[in-house]
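Undergrad:
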Amino acid sequence: MSVNLTLLTVMGALYACGIYLILERSLTRVLLGLMLLANATNLLILATGGYAGLAPLYGKDTGAGEYNDPLPQALILTSIVISFAVTAFMLGIIYRTWVLAREDEIQDDAEDRRVAKTPSFDVEDDSVIPVETSEFPLTMIGSDGQAVSDVPDGAEATVKVADRKLDAAEAASEEQPGSLNVTPPKEGGGQ
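Using this note's numbering, the letters of the sequence shown map in sequence onto residues 21 to 211.
1. Sort out for me which residues DSSP pairs E125 with in a bridge.
2. Taking the C-alpha atoms as reference points, what is the distance between Y115 and R133?
3. Judging by CA-CA distance, which residue of L56, Q127 and G70 is the nearest neighbour of N88?
4. So, do the region 27–35 and the region 52–60 have three or more beta carbon pairs nearer to each other than 8 Å?
5. Would DSSP call K137 helix, strand or coil?
6. Would you mind stating whether L52 and S103 have Cβ atoms separated by less than 9 Å?
7. DSSP has D187 in a bridge; who is on the other side?
8. Out of F109, A67 and Q127, state which residue places its alpha-carbon closest to the alpha-carbon of N24.
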């Protein structure tokens, strides 16, 4: 497939000018930049479509390779409609800013400047989270998942929970499904 060099040069110039205009502060220049980018994208889709061929209408005597691909044409038509809608929306924004402020240029906001000066490290969000977040240590449950882990002879295993101490066996039972300390209510809500 051979690509038209003139088409690529025009497309590159449109992309370059469009990106330059989008980076401006004037809303009118941003609108012009968006329009140039949309047209450059249409040319890019047209260039990827290949050579022009016959209309994509079915005929018995026409080979499959002679037809023109209709997909790039459909994509360009869709792109034209979307860019028209974006242009209309931007024109509405430009008109509204002109009516309210009598200027077309976007100014820095004081809040934007404050946010830009804040450090990127936030103590609350970036602090280290401890691995163990349960109030019952996992070492209390034995390796079989049921029994309490080994405790030295003569020592009673307890766990401190808030302001009171619990027996280790009771604390371990809380970690298991079907707690021993809670009696489930009867089904049906009857007394």
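Ideal Cβ placement from N, Cα and C applies to all residues, glycine included.
TA: From the atom records:
1. For E125, the beta-bridge partners assigned by DSSP are S46.
2. 26 Å
3. G70
4. yes
5. helix
6. no
7. T178
8. The residue with the shortest Cα to Cα distance from N24 is A67.
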